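Be aware that the sequence shown starts at 4, since it is given in my numbering, and climbs by one per residue. Structure record follows, encoded as structure tokens.
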Amino acid sequence: MIRKAICGKWNRGGKMARPGRPIDLPGGVAFSNRDFRTGEISAVTDVKLSQTDPATASNGNASFGVNPWLDWTARTAVIIIYGGSAVVGAAGIPHLLPLDSFPKLLMVAAHMANVLFLSLVAVTTMTRLVPIMKSKGIETRISALLGTFLSIALAFLPKAELGPIWSILSTALILVATSLCIVVLRWLGKSFSILAEARRLVTNGPYRIVRHPLYLCEMVALIGVTLQVLSPLAALIAIVIVTIQCRRMINEERILRLAFPEYDAYAARTPLLIPARLIPTCMGRLARHAGRKLSTKAVDPQA
Numbered sequence: 004m005i006r007k008a009i010c011g012k013w014n015r016g017g018k019m020a021r022p023g024r025p026i027d028l029p030g031g032v033a034f035s036n037r038d039f040r041t042g043e044i045s046a047v048t049d050v051k052l053s054q055t056d057p058a059t060a061s062n063g064n065a066s067f068g069v070n071p072w073l074d075w076t077a078r079t080a081v082i083i084i085y086g087g088s089a090v091v092g093a094a095g096i097p098h099l100l101p102l103d104s105f106p107k108l109l110m111v112a113a114h115m116a117n118v119l120f121l122s123l124v125a126v127t128t129m130t131r132l133v134p135i136m137k138s139k140g141i142e143t144r145i146s147a148l149l150g151t152f153l154s155i156a157l158a159f160l161p162k163a164e165l166g167p168i169w170s171i172l173s174t175a176l177i178l179v180a181t182s183l184c185i186v187v188l189r190w191l192g193k194s195f196s197i198l199a200e201a202r203r204l205v206t207n208g209p210y211r212i213v214r215h216p217l218y219l220c221e222m223v224a225l226i227g228v229t230l231q232v233l234s235p236l237a238a239l240i241a242i243v244i245v246t247i248q249c250r251r252m253i254n255e256e257r258i259l260r261l262a263f264p265e266y267d268a269y270a271a272r273t274p275l276l277i278p279a280r281l282i283p284t285c286m287g288r289l290a291r292h293a294g295r296k297l298s299t300k301a302v303d304p305q306a
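As structure tokens, this is what we get:
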């Protein structure tokens, strides 16, 4: 226990602890007497640093708290981008009619799933919790933004001449993956973030199967999109995106380990990205080894 502040009474630092007023902690870390798991102000706030040294938590890799103006600016940007994309996508659905073939039906279904996912991202961003810890440094922000938006470049590449089977396969991959993204996002809920930030640890639902199910679903959708514009350039862009997403996982796991002491136990029992039970034993060992390597980098960047 580092500090207990009681609303309306003097805390140990000699400052009046009022709702929302920062409480100075060792190492330059500051908290307000706000429940950092729910985002709601409470009369009594017990501030715990999750068995983390405050000096470590406030070093160049992570910091507690967030500037409210920056948080709302980021929220507004995400809402405008994703909400606007959803509106544009919905407006284009009538132009895809009539549904005169099975491939056309799949294409419209995938398009509608994408519109629903974009809308859900906008709504979730509007209602998400205030982060209790965020990453510091330009690299984490660049990785997050590139990993999120670089796939847009694939939309500007010419369509590949696919046969009916490959066309159906690619569209089906996009439809299934996008639908699963919607399910995962519903479970993630108010903990959703594009940047590497900690809000609330989610370990249920799809997060009981792998630690990063949303990235897994997005990578499956990426395969489908890449097939539709298949070319050396498209393959290169896809490889770059996957590499960046792996870097994002490292950044996010580092923050989650700092914010939640129970994350180590969760990571020990849950695969990183690939459900080991769904693949052969040899591939499962390879997947677990890769997951341990990424987890090691999340704990020690020099490893």
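Idealized CB from N, CA, C, for every residue including glycine. Remember, it's a predicted structure, so these values are computed and weren't measured experimentally.
- In this structure residue 137 is buried. Its beta-carbon is surrounded by 16 or more other beta-carbon atoms within 10 angstroms.
- In the DSSP assignment, residue 104 falls outside any alpha helix (DSSP H), carrying neither H nor E.
- Scanning 110, 134, 234 and 142 for the CA closest to the CA of residue 181 turns up 110.
- DSSP lists 137 as the beta-bridge partner residues of residue 200.
- For the pair of segments examined, the stretch 231–240 was found not to touch the stretch 198–210: the number of CB pairs separated by less than 8 Å stays below three.
- When secondary structure is reduced to three states using DSSP, residue 78 falls in the helix class.
- DSSP places residue 216 in the uninterrupted alpha helix (DSSP H) bounded by 216–231.
- Non-local C-beta neighbours of residue 131 in its own chain, meaning closer than 6 Å and more than five positions away in sequence, comprise 193 and 195, ordered along the chain.
- About 5 Å separates the beta carbon of residue 184 from that of residue 220, a gap short enough to meet the 8 Å contact definition.
- Shortest Cα-Cα distance from residue 177 to any of 207, 149 and 223 involves 223.
- In the DSSP annotation of this structure, the continuous segment of the alpha helix (DSSP H) that includes residue 246 starts and ends at 235–262.
- Residue 187: member of the alpha helix (DSSP H) spanning 167–191, first to last residue.
- With fewer than 16 other Cβ atoms inside 10 Å of its own Cβ, residue 129 counts as exposed.
- For the pair residue 197 and residue 81, the CB atoms are nearer than the 8 Å cut-off.
- Around residue 123, the same chain offers 185 and 188 as residues with beta carbons nearer than 7 Å, after the five sequence neighbours per side are excluded.
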